[in-house]
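J.:
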Amino acid sequence: MVMAIEKKPRVNDLETLFTEDEIRNRVRDLGEEITRDYAGRELVLVSILRGSVFFATDLARQISLPLSLDFLSISSYGEDSEGVVRITKDLEENIAGKDVLVLEDIVDTGFTLKYLLRTLGSRNPKSIEVCALLDRRARRIIDVELKYIGFEIPDKFVVGYGLDYRQQYRNLPYIGVVKP
Ligand code: IMP
Ligand code: MG
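Residues in the sequence shown are numbered consecutively from 0, following numbering that gives the first Met the number 0.
Right, here's the structure in full:
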């Protein structure tokens, strides 16, 4: 058997911010809260690719309600293109009349989310709210309302549990800070 050891992320360059256990506990609490809030409603979870996939699949399993799960992929034009975002893979289902909960990995400046909420909001959902795993409030430029927040984090770049640095580290089961 050939082991692809050389392809593993260099985890020694990371400092743990939230452990696997801490994430699991927080996601379970969020799931219970959402279960209470959305009882009797038509919940659609919208997972923003690719960063929120791990969070979305874990969270969905902690929500004890009938729900549907859909995916949306966006790309922003480069580093200094704040606010310029486009949809590269749209939702499969019509969200008109549905209670939409957008799942994001991290909200930083808020530009991405603002664009998404404007775009999805124009499709006449019954309601639209946001559940963000991480909130880096110190860098917010555009004010966006987050109904649910997993953790607030300091002004540091994080990876793991879906979050990447140049497409690497997404598969780490914990969230870490990249050491400078
Ligand atoms: P915003 O538009 O500035 O709020 O950027 C949010 C998006 O940038 C997130 O959905 C992530 O894809 C990405 N991002 C922001 N901060 C980080 C980070 O610390 N690690 C990995 N991705 C990040
Ligand atoms: Mg993202």
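Where a beta carbon is used, it is the ideal one built from N, C-alpha and C, also for glycine.
Let me confirm a value: residue 138 is counted as buried when at least 16 other C-beta atoms fall within 10 Å, else exposed. Which label applies?
T.: Counting from one through the sequence shown, the residue named residue 138 turns up at place 139. Classification for residue 138: exposed.
J.: Residues bridged to residue 50 by DSSP?
T.: As a position in the sequence shown, residue 50 is number 51, starting the count at 1. According to DSSP, which records beta bridges pairwise, residue 50 is partnered with nothing at all.
J.: Judging by CA-CA distance, which residue of 142, 102, 86, 150 is the nearest neighbour of residue 113?
T.: Residue numbering aside, residue 113 sits at position 114 when the sequence shown is read from its first letter. Nearest of 142, 102, 86, 150 to residue 113, Cα basis: 142.
J.: Assuming residue 151 is part of the alpha helix (DSSP H), what are its boundary residues?
T.: Sequence index remark: in the sequence shown, residue 151 carries index 152 (1-based). Unbroken run through residue 151 is the beta strand (DSSP E), 147-151; no alpha helix (DSSP H).
J.: Report whether the distance from the Cβ of residue 157 to the nearest heavy atom of the ligand IMP is below 7 Å.
T.: As a working mapping, residue 157 is identified with position 158 in the sequence shown. Correct: residue 157 has its Cβ closer than 7 Å to the ligand IMP.
J.: If you check the beta carbons only, do residue 45 and residue 83 fall under 8 Å apart?
T.: Reading the sequence shown from its first residue, position 46 is the one you call residue 45. Reading the sequence shown from its first residue, position 84 is the one you call residue 83. Cβ distance not < 8 Å, so residue 45 and residue 83 don't count as in contact.
J.: Would you be able to state if there are at least three C-beta pairs under 8 Å between the region 17-30 and the region 54-63?
T.: yes
J.: Counting pairs of Cβ atoms below 8 Å between the region 121-128 and the region 66-77, do you hit three or more?
T.: no
J.: Fully enclosed by the region 96-179, which alpha helix (DSSP H) runs are 4 residues long or longer?
T.: 110-120
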